[in-house]
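Undergrad: Questions regarding the structure given below will be posed in turn.
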Amino acid sequence: MSRIVADFYYSKDHEWVQVVEDGRVRVGISDFAQEQLGEIVFVELPESDSAVEADESVGSIESVKAVSDLYSPVSGTVLQVNESLEDLPEIVNESPFDEGWLMEVQLKDPGQLEALLNADQYRKLIEGEEG
Amino acid sequence: MADVKRTPLYPVYKDKAKLVPFGGWEMPVQFSGIKAEHEAVRTRAGLFDVSHMGEAEITGSDALQLVQRLTTNDASKLEPGRVQYTAMCYPDGGTVDDLLVYMRGEGDYLLVINAANIDKDVEWMGKHASGDVTVKNVSDRIAQIALQGPRAEKVLQRLTETDLSRIRPFRFQADVDLDGVSGLVSRTGYTGEDGFEIYLDAEKAPLLWEKILETGKDDGVVPCGLGARDTLRFEARLALYGNELSASISPIEAGIGFAVKPDKGDFIGRDVLVRQKKEGAPRKLVGLEMVERGIPRSHYPVYVGEEEVGEITSGTQSPTLKKNVGLALIKWEHAQLDNRVDVEIRGKRVAAKIVKTPFYKRPNQ
Chain R
1 MSRIVADFYY SKDHEWVQVV EDGRVRVGIS DFAQEQLGEI VFVELPESDS AVEADESVGS
61 IESVKAVSDL YSPVSGTVLQ VNESLEDLPE IVNESPFDEG WLMEVQLKDP GQLEALLNAD
121 QYRKLIEGEE G
Chain V
1 MADVKRTPLY PVYKDKAKLV PFGGWEMPVQ FSGIKAEHEA VRTRAGLFDV SHMGEAEITG
61 SDALQLVQRL TTNDASKLEP GRVQYTAMCY PDGGTVDDLL VYMRGEGDYL LVINAANIDK
121 DVEWMGKHAS GDVTVKNVSD RIAQIALQGP RAEKVLQRLT ETDLSRIRPF RFQADVDLDG
181 VSGLVSRTGY TGEDGFEIYL DAEKAPLLWE KILETGKDDG VVPCGLGARD TLRFEARLAL
241 YGNELSASIS PIEAGIGFAV KPDKGDFIGR DVLVRQKKEG APRKLVGLEM VERGIPRSHY
301 PVYVGEEEVG EITSGTQSPT LKKNVGLALI KWEHAQLDNR VDVEIRGKRV AAKIVKTPFY
361 KRPNQ
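Chains R and V are the protein sequences, given in the same order. Those letters in the first sequence? Residues 1 to 131, per the UniProt record's numbering, in order. Those letters in the second sequence? Residues 1 to 365, per the UniProt record's numbering, in order.
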């Protein structure tokens, strides 16, 4: 059973969103997502200061076997990305909700968080996928 | 999922492995993890279920003649107990499949073919059969287990009185008693390591699987999935049909020209292959190592300057080298070692250079 952090928001594509301060969020992938991907060997993230749109591909996460698109769960401007993943992408497997965060985004509209799933809703989603 | 096929070993690992669809089969892609399994095979030994592979028998007094007509290698060089790696080609030199031919006796050959190609191959064989020869698809009643790695012989030897050290590479022995289970033991594999491929009755496969894991436990033998099988074969530059080989790629282009013997007499595809061997093929399979960040993957385009010169056939982060490497089929004039090329990764050109292959060669080989 995958872990879920209670006070994060989630997307249907298995990203999480943590509000760091008003209008500023941290984004990563869920425990469920990293389990599905397997051993992550490469992470490609957007550049700082670039604009990202919700549900658009902004990078990729690769395991030994496969490439998966990374979708931004929110719209806004990338403030910074987790540069330690360049050399240690496996941190995403080891600590998906914490040290394995991917990027920080300044939200275009803080109201968009309401369109995401809360922890309970996300749990139901992955229970369905875990079958 | 109604028509998905499963091997006789499915019940043994269904709750222990991550399963994926593969060429119509539901197969284990990994047990503990691809990297750990890869490492186990390079340093100890790993056990693979490869029962999805197909087997066809070609028998009769004209069997050799048919095998010779169908395949590119010289099957007349085989003796009973020997195995040959070979290819079947179309008249234009494209590849029908790559396969192993086992000579069990006079007029008695077993051909081991790729899972996704079974129907196509058996039909192709049947279409060219003439005289006293029978082609029979026996895939469903034969299971195949591969034990691969430096400790493979030591581990398997515990199950049998047969002296396994006497089965040299590319030889086999039929009816070997493995602790009560009879199997054909072949010193072949698809990992770049020493090891065995064992063919046996489908219903006996779960028993032998458990016996090998049990007796190999203290030597670190682990069950392995198709994920590690792919990274292992890739590092050793063993061709995968559908990637390095296809109906539009000849064995010469794919770098398995050693299995094409023009002097053996006529065979399907000979004219084109002889010309490619003599004059060079238009494309060549090369190794690439990324210079900039990125992992090359199958079908990514390869450029020299603004010219698209070919594409990646297989690529990953090599678990042994920890480098992002790939195999690419590119125009021959760009195929020199150390040449700089670009791989297009999701719309971006990323620098790579041509390097020697195989990426991995086992010590003392």
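Note that CB positions come from ideal geometry on N, CA and C, so glycine has one too.
Looking at the unbroken alpha helix (DSSP H) that takes in V:W124, where does it start and where does it end?
TA: The residue you call residue 124 of chain V lines up with position 124 of the second sequence. First-last of the alpha helix (DSSP H) with V:W124: 118-127.
Undergrad: Kindly indicate which residue of V:I256, V:A56, V:E244 has the alpha-carbon position closest to the one of V:D124.
TA: Residue mapping note: residue 124 of chain V aligns to position 124 of the second sequence, counting from 1. The sequence shown places Trp at residue 124 of chain V, rather than the Asp named in the question. V:W124 has its Cα closest to that of V:A56, out of V:I256, V:A56, V:E244.
Undergrad: Among V:R171, V:G220, V:D194, which has the Cα closest to the Cα of V:G149?
TA: As a position in the second sequence, residue 149 of chain V is number 149, starting the count at 1. Among V:R171, V:G220, V:D194, the Cα nearest to that of V:G149 is on V:D194.
Undergrad: Apart from the five residues on each side of it in sequence, which residues of its chain come closer than 6 angstroms, Cβ to Cβ, to R:V43?
TA: What you label residue 43 of chain R is simply residue 43 of the first sequence in a count that begins at 1. Same-chain partners within the cutoff: I61, L85, P89.
Undergrad: With a CB to CB cut of under 7 angstroms and the five nearest residues on each side skipped, what residues in its chain are close to V:T215?
TA: Within the second sequence, residue 215 of chain V is the residue found at index 215, counting from 1. Answer for V:T215: V155, R158, L159, listed in chain order.
Undergrad: Out of R:V67, R:I4, R:S48, state which residue places its alpha-carbon closest to the alpha-carbon of R:E39.
TA: The residue you call residue 39 of chain R lines up with position 39 of the first sequence. Taking only the C-alpha atoms, the option nearest R:E39 is R:V67.
Undergrad: Could you check whether the Cβ of R:V67 sits closer than 8 angstroms to any Cβ belonging to chain V?
TA: Within the first sequence, numbered from 1, the residue matching residue 67 of chain R stands at position 67. Yes, contact with chain V.
Undergrad: Measuring only the C-alpha atoms, how far is V:F170 from V:S318?
TA: For the purposes of this step, residue 170 of chain V is taken as the residue at position 170 of the second sequence. For the purposes of this step, residue 318 of chain V is taken as the residue at position 318 of the second sequence. Whole-angstrom Cα-Cα distance: 26 angstroms.
Undergrad: In whole angstroms, what separates the C-alpha of V:V325 from that of V:A236?
TA: What you label residue 325 of chain V is simply residue 325 of the second sequence in a count that begins at 1. What you label residue 236 of chain V is simply residue 236 of the second sequence in a count that begins at 1. Rounded to the nearest angstrom, the two C-alpha atoms are 12 angstroms apart.
Undergrad: Tell me, please, whether the CB atom of V:Q148 is closer than 8 angstroms to any CB atom in chain R?
TA: If you number the second sequence from 1, residue 148 of chain V lands on position 148. Closer than 8 angstroms: no.
Undergrad: Smallest Cα separation from V:E292: which of V:D108, V:Q276, V:A352, V:P363?
TA: For the purposes of this step, residue 292 of chain V is taken as residue 292 along the second sequence, with counting starting at 1. Closest by alpha carbon: V:A352.
Undergrad: Do V:V350 and V:L288 have their beta-carbon atoms positioned less than 8 angstroms apart in this structure?
TA: Numbered from its first residue, the second sequence carries residue 288 of chain V at position 288. Numbered from its first residue, the second sequence carries residue 350 of chain V at position 350. For V:L288 and V:V350, no; Cβs fall outside 8 angstroms.
Undergrad: Which whole-angstrom value describes the C-beta separation of V:A146 and V:P8, a residue pair presumed to lie in contact below a C-beta threshold of 8 angstroms?
TA: Stepping through the second sequence from its first residue, residue 146 of chain V is reached at position 146. Stepping through the second sequence from its first residue, residue 8 of chain V is reached at position 8. So it is not a contact: roughly 15 angstroms between Cβ atoms.
Undergrad: State the DSSP-derived secondary structure class of V:I354, mapped to helix, strand or coil.
TA: Working through the second sequence from its first residue, we reach residue 354 of chain V at position 354. Correct three-state label for V:I354: strand.
Undergrad: What is the residue span of the beta strand (DSSP E) that V:K18 lies within?
TA: One-based indexing of the second sequence puts residue 18 of chain V at position 18. It spans 18-22 - the beta strand (DSSP E) in which V:K18 sits, taken as one unbroken run.
Undergrad: For chain R, check one thing: does any of its Cβ atoms lie closer than 8 angstroms to the Cβ of V:P363?
TA: In the second sequence, the residue the question calls residue 363 of chain V occupies position 363. No, because no Cβ of chain R sits closer than 8 angstroms to the Cβ of V:P363.
Undergrad: Quick one: list the residues of chain R neighbouring V:K35, beta-carbon separation under 8 angstroms, in chain order.
TA: Reading the second sequence from its first residue, position 35 is the one you call residue 35 of chain V. Residues of chain R passing the Cβ test: E39, V64.
Undergrad: Can you pull the DSSP bridge partners for V:D342?
TA: Numbered from 1 along the second sequence, position 342 holds the residue referred to as residue 342 of chain V. Answer is V:Y303, V:A351, bridged to V:D342.
Undergrad: Near R:R26, which residues of its chain fall below 7 angstroms by C-beta distance, leaving aside the five closest residues on each side in sequence?
TA: One-based indexing of the first sequence puts residue 26 of chain R at position 26. Excluding sequence neighbours, R:R26 sits near Q18, V20, W101, E104.
Undergrad: On the three-pair Cβ rule with 8 angstroms, is the segment 76-96 of chain V touching the segment 46-62 of chain V?
TA: With a cut-off of 8 angstroms, the segment 46-62 of chain V and the segment 76-96 of chain V do not count as touching, because too few Cβ pairs lie within range.
Undergrad: In this structure, how does DSSP classify R:V17 when only helix, strand and coil are distinguished?
TA: Position 17 of the first sequence, counting from 1, holds the residue named residue 17 of chain R. It is a strand residue.
Undergrad: Determine, using beta carbons only, whether R:F97 and R:D13 come nearer to each other than 8 angstroms.
TA: Taking the first sequence and counting its residues from 1, the one referred to as residue 97 of chain R is at position 97. Taking the first sequence and counting its residues from 1, the one referred to as residue 13 of chain R is at position 13. Their beta carbons are not under 8 angstroms apart, which means R:F97 does not touch R:D13 by this criterion.
Undergrad: Per DSSP, what kind of secondary structure is V:M1 in: helix, strand or coil?
TA: For the purposes of this step, residue 1 of chain V is taken as the residue at position 1 of the second sequence. Because the pLDDT of V:M1 is 47, which lies under 50, any placement of that residue in the model is unreliable, and the number read from its coordinates should be weighed accordingly. DSSP places V:M1 in coil when its eight states are reduced to three.
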